[in-house]
Each structure stands twice: as structure tokens, then as C-alpha cells.
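Here the structure comes first, spelled out in C-alpha cells, and everything after it is commentary.
In our numbering, the protein residues as written are 1 to 449.
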């Protein structure tokens, strides 16, 4: 096999281009239906879409150095700068080294108590609304993820910084706008999306500056800090130029705030919605949580390994709705993927969303079936058939903390409460930088039994 991947039929091209702007998931599904390797021309761009585990492995792991961050994330540099999500080369490697100690398995395990306490606070808040009008559960779990992020990775209380989530919505809107317009509209243009972005950027910069000032003041008391924020501050001091150090620190912290709460909040939203729609699975989670967490207690680190079915539920939610729905790259040099030629400068897309629904890899791929993650069944699938946290050198550094958080919250909420879907709410996936839920997640809250 040689040459470029096949393109869509001429008659299908207008539909694909329209969907790039209004239905990005639909575009990826349509491309996947055409084959496991597809080339699509969008203006001056040539997008190479690969949808096989071995193709994903090549791009994300085997030859990862040749593939830098691409469409969508490039545009995000306007606010994220060269943070962990968007940085490249030695800048990225230094950032990864700097924060890696904060994500050591032993340190994350030690944070289980803080995660459980924040989950307990969420349950108490939702319980206080039982029997009342619907509540936006997605907004509340977003507050939870920010609380966990502050306590576990920053040794900082983020209460009072609730505007962070709203600001990041504007950032994502801007990134997608720039992707569709190919960056041809300047940020100073007097368009609503641009105005929201400028306000959000200012708000985020003021927030992170205040967090750095507070943490710096407390670091003067001595000790050996191990949280990510402190490690970032120490690394910034070692950079040659104070101005560069301050700029990079701001970019790294904004990225940490975004990546540290957005993906887990998305996963929790989809998990709770799926359980509400599948009472059989909900009852199994409740029975497991009641048995493992007997007496109404909060979970600890050892319980994470005992909540096996709850873990499978979270994994299945991330299969159907992976928080990072697309992994965009740009080829730096010519390459060959699965026998297909990829020229330098080509946009290369690997989509966990379509890979996780590949009919040759997953039986009844559209069906919610947590037991497909039973270990014997998992062993029959290729390693790169399931990549909710990415793969290769840029595998998500916070995956362990994110899974702990999602499993603990799912177990506690399901054990203690009945969440119901509001009639008419469809739960529409909105593919931005993460696969968020359009319009929030209004749900009713009742006490079980």
C-alpha cells in the first residue's frame, strides 16, 4: 500500500466542510464511515484522519516526536501560551519534569482523603436540594473538580474563584472559532465571541496572579512543598529572565486549571447521565458502593481497587464520551502511517470518539455496557483501541487523580441519591477542547428508597 489516503467522494465534501463548523462530531463520524484512513481538504489545509489502533500508536507513541500539537490546540495558545497542553520540545519536557512529582502515584494516593471529602460535600449539597426543582448537576460537579484541584495539586482553596469555569468556556469558544476561521479574524475584532474572550483572558490572568501571590507568601514559611503550584513557582525562579519566568508560570497555571477540572467534570456529567438512563447499572453501582462503603462512610485509597463495577461504569462513560474527543497533530517531516504517505505540514487527526466506537473493535459500540471493561474482555482488544487519556509521551499526567475522583464521586452520589433526567433533556455532546455537555445537566434529586 502506498500513496495518500483516499478522500471523500466529491458529492460528500460540501457536507463534511459544513460539519467542520456546525457538527464536528458528525464530520468525524462521516470520515470514519469512509474508512480508517481518510484525507479531507479544507481550504489550504489537508487533514489526514486515522482511525485504527496501530495508526494511533504510530502517531501518538512510536513517532510522537514528528507530530506536534495541531488544529484547535494551536489556536488555544492565545490564552494557554506554551503550557503542557500546547507546548513542544524542550519547553514541554521541562514543564512535564517540573510538575511530575506532584502526580507521583504515592502522592496521589495520599490525596484520597481530600478527594473523598470534596465528594462528600457534593453529596451533601445535592441532598439539600432533594425534592426540589431540577438542579444543574454539571455546574455542581464542576465546582467539585475545582475544589479537588485546589486541595490536591495547588494546596489552595479555590472557593470564591467560581468564575474560572465560565472564563474557560469563553476560551474554548474562541479556540473553536479560530479553528473554523483558520485564525484569519483578529482577537481585537468587535465580535461577541472576541469580546467574551478578551474579558475571560483578563479574568484568568488576574486569578492566576492572585493564586501565585498567595502561594508565594505561604511558601516563605519554609518546608518542602510538593504541590504542583509550588513546583511551578520554584521552576519559574530558576529561569534566566524574570519576565519570561512570570509569563511561563502564568501560562502553565492557566493550563493546569483548565486541564485539571474540565475533563473530570465532563466525565462525571456523562457518567451520571448514563446511570440515570440505565437503572440496572445504577442499581449495581449502588449495591457495590453500599457494600464497600458500609455504614455511609467516605472512601479511602484502598476502596478504589474494590469499586470494580463503578470503575467499569466510568470507563464506559469515557469510551462513549471521551473528554478529550480529538488528538490533533501536525506532521513536522514526511512520514508513512499504515502505508499511507503523510507530507510535512499535514494536519493529522486521531479521534478517541470514533476509535472508541469502531465496529470492528467494539461489539454494539453505541450501547452502554460497562461489563465490556471486565479484564478478560479487555485483554482481547488492541491496547490503542481505548485511549481516553491520550497515549505516548503526552499521556495525561493527571489520569490517576482523575479516575480516583470520578470513581469516588460516582459511588457516593449513586449510593446516597437518585438523580433523574429532566424530561426533554437529551444530553447533547458539544465538541470543544473537551467533549462538554451543551446546556448543562438539569436533573432532579431524590433520596433513594
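Idealized CB from N, CA, C, for every residue including glycine.
Asked: Around the Cβ of residue 464, are there at least 16 other Cβ atoms within 10 angstroms (buried) or fewer (exposed)?; Found: Here the chain comprises residues numbered 1 to 449, so residue 464 is not present and cannot be evaluated.
Asked: Pick from 92, 270, 48: whose alpha carbon is nearest that of residue 344?; Found: 48
Asked: Any chance you could list the alpha helix (DSSP H) runs of at least 4 consecutive residues sitting entirely within the stretch 90-162, in chain order?; Found: 105-110, 112-127, 137-153
Asked: In whole angstroms, what separates the C-alpha of residue 205 from that of residue 104?; Found: 28 Å
Asked: Which residues share a DSSP beta bridge with residue 335?; Found: 342
Asked: Within the same chain, show all residues whose beta-carbon is closer than 8 Å to that of residue 337, passing over the 5 residues directly before and after it, in chain order.; Found: 37, 48, 50, 55, 58, 59, 348
Asked: Which residue comes first and which comes last in the alpha helix (DSSP H) that contains residue 311?; Found: 308-320
Asked: Taking 8 Å as the cut-off, does the stretch 279-289 touch the stretch 411-424 (at least 3 CB pairs, one atom from each stretch)?; Found: yes
Asked: Taking DSSP as the reference, what is the three-state secondary structure of residue 68?; Found: strand
Asked: Going by C-alpha distance, which of 424, 276, 305 is nearest residue 288?; Found: 305
Asked: Assuming residue 445 and residue 139 make a contact with CB atoms under 8 Å, what is their CB distance in whole Å?; Found: Actually they do not touch by this definition, with Cβ atoms about 13 Å apart.
Asked: For the stretch 397-407 against the stretch 420-434, do three or more pairs of beta-carbon atoms, one drawn from each stretch, fall closer than 8 Å, so that the two count as touching?; Found: no
Asked: Comparing C-alpha positions only, which one of 158, 260, 26, 92 sits nearest to residue 212?; Found: 158
Asked: Mapping DSSP to helix, strand and coil, what is residue 293?; Found: coil
Asked: Give a yes or no on contact between the stretch 115-124 and the stretch 289-300, applying the rule of three or more CB pairs nearer than 8 Å.; Found: yes
Asked: Would you be able to state if there are at least three C-beta pairs under 8 Å between the stretch 356-366 and the stretch 61-68?; Found: no
Asked: I'd like the list of long-range same chain contacts for residue 32, defined as Cβ closer than 6 Å, with 5 residues on each side in sequence excluded.; Found: 51, 354
Asked: Which residues in the same chain have their Cβ closer than 8 Å to the Cβ of residue 1, if we skip the five residues on either side of it in sequence?; Found: Residue confidence is low: residue 1 scores 46 on pLDDT, short of 50, so the model does not pin down where it sits. Its coordinate-derived value is still stated next. The answer, listed in chain order, is 338, 339, 340.
Asked: If we count the other Cβ atoms within 10 Å of its Cβ and call it buried at 16 or more, is residue 194 buried or exposed?; Found: buried
Asked: Based on the DSSP output, what are the partners of residue 164 in its beta bridges?; Found: Looking at the DSSP assignment, residue 164 forms no beta bridge with any residue, so it has no partner.
Asked: Please report the Cβ distance between residue 303 and residue 314, rounded to the nearest whole angstrom; I am assuming they are in contact, meaning their Cβ atoms lie under 8 Å.; Found: No, residue 303 and residue 314 are not in contact; Cβ-Cβ is about 14 Å, not under 8 Å.
Asked: Using DSSP bridges, identify the partner residues of residue 430.; Found: 436
Asked: In or out: residue 3 buried (at least 16 other Cβ within 10 Å) or exposed?; Found: exposed
Asked: Looking only at C-alpha atoms, which of 329, 272, 373, 391 sits nearest to residue 464?; Found: In the structure displayed, the chain extends from 1 to 449; residue 464 sits before or after that span and is not available.
Asked: Between the stretch 370-383 and the stretch 250-266, do three or more beta carbon pairs fall short of 8 Å?; Found: no
Asked: What are the partner residues of residue 300, as DSSP defines its beta bridges?; Found: DSSP, once it has assigned bridges, lists no residue as partnering residue 300.
Asked: Which of the three DSSP states, helix, strand or coil, is assigned to residue 444?; Found: strand
Asked: Report, in whole angstroms, the separation of the C-beta atoms of residue 248 and residue 236, which I expect to be a contact under 8 Å.; Found: 6 Å
Asked: So what does residue 41 bridge to, in DSSP terms?; Found: 46
Asked: What beta strand (DSSP E) runs, 3 residues minimum, are completely inside the stretch 355-439?; Found: 418-421, 429-431, 435-437
Asked: Given this structure, state the Cα-to-Cα distance separating residue 430 from residue 438, to the nearest angstrom.; Found: 6 Å
Asked: Shorter than 8 Å from the beta carbon of residue 430 to some beta carbon of chain D?; Found: The structure shown contains no chain D, having only a single protein chain.
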